[in-house]
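The structure under discussion appears below in the form of structure tokens.
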Amino acid sequence: MATTISNSKITATINSNGAELISLKDNKTGKEYMWNGNPDFWAKHSPILFPIVGTLKNNSYLYNNEEYHLSRHGFARDNVFEIIYQKDNEVVFSLKSNNETLQHYPFQFELQIKYAISENDLHITYSVFNENDFQMPFSIGGHPAFALDKNFENYALEFETDETLEYYPLENDLLSNQSLKIHLEEKTLPLTYSLFENDALVLKKLNSNSILLKENNLPVLNFSFKDFPNFGIWTKINAPFICLEPWIGYADTIDANGNILEKEGIQVLEPKKNDTFTFTISIL
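Sequential numbering from 1 applies to the sequence shown in full-length UniProt numbering.
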């Protein structure tokens, strides 16, 4: 089921399956900013990654000496969320642990996803609730894909700060121990498909808290993500979209020992506590 929120300037549509953002439009021009999900390239639009981000070594992990299995990016994107609050410019979705999730992730949780529009901004907030009497490890992230109308090379990413991007190439979907560096040109990364020949650019650390997507040097949208320390940038070769992915956590390293509490980048939420993380898409 699709749910729409809007104001006088922008309209967002969210699918209850995965609480996935499937459309973001400028009301004046009718321009669509989200990727259309063409399965010839990638059938998703903006999946939510929880309770892991990326791939686990052997698609499994250990907790209290028990082995559990989770597929890449976790199960939230494949579950139907319930709407628990809605008004014209705001909606909140909820996913709670159930018998199926507990087989793969032995924790009682609630995951709330809030979409709220103000002016030209769409604020997306993830709230994770630990309903247990013990600590709960988790990762969470976004995976929004933005449609590119022109040739891919017409686009560039302008970072908030002039920094060197250090990324970790993937080996069988796991992070290698060797990093590579990209030196920005006046804070800018020109987009070329060659950047993604080995899948995503996985950034364990990023000084910038926002990225500007530009088309022929003109701003298209601003993406801000100060609550997220890790980041991914991805597309498929020859696909007309770019994914800007704010993460808390990332795939296992090739030498990961499998213990979820020792997983690099994992978050640990204390009993009966919750935490909240927000990123914002601003239409320019």
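Even glycine gets a Cβ: it sits at the ideal position worked out from N, Cα and C.
Bear in mind the structure is a predicted one, so any value in this text is a computation, not a measurement.
CA-to-CA distance, residue j to residue i, given in whole angstroms
i	j	result
TYR193	ASP121	29 angstroms
GLY142	GLU245	5 angstroms
ASP78	VAL53	14 angstroms
LEU102	ASN17	19 angstroms
PHE81	GLU20	10 angstroms
SER8	TYR85	21 angstroms
GLU100	HIS69	12 angstroms
PHE134	THR253	26 angstroms
ASP26	ASN257	47 angstroms
ILE266	THR276	15 angstroms
Counterpart residues of residue i in DSSP-defined beta bridges
i	result
TYR167	LEU180
VAL202	GLY232
LYS214	ALA156, PRO219
ILE117	LEU122
SER23	THR13
GLY141	LEU49, TRP247
Boundaries of the alpha helix (DSSP H) in which residue i is found, first to last residue
i	result
THR11	Run containing THR11: none in the alpha helix (DSSP H); it sits in the beta strand (DSSP E), 10 to 15.
LEU102	99 to 104
Unbroken beta strand (DSSP E) run spanning residue i, endpoints
i	result
residue 285	No information on residue 285 is available, as it lies outside the stretch 1 to 284 that the chain covers here.
ILE248	241 to 248
MET136	136 to 138
LEU90	Before going on, a small fix: residue 90 reads as Glu here, not Leu. 90 to 96 is the span of the beta strand (DSSP E), which, as asked, contains GLU90.
SER60	60 to 63
TYR68	66 to 69
ASN274	274 to 283
GLU82	82 to 87
Inset, instruction - For the stretch 35 to 47 and the stretch 59 to 68, state whether three or more C-beta atom pairs, one from each stretch, are separated by less than 8 angstroms. - result: no
Legend entry - Touching by the beta-carbon criterion (3+ pairs, under 8 angstroms), the stretch 163 to 179 and the stretch 135 to 149: Touching, no, given that fewer than three Cβ pairs across the two stretches are closer than 8 angstroms.
Legend entry - Contact between the stretch 231 to 251 and the stretch 174 to 191 (3+ Cβ pairs under 8 angstroms): Yes: the two stretches touch, three or more of their Cβ pairs being nearer than 8 angstroms.
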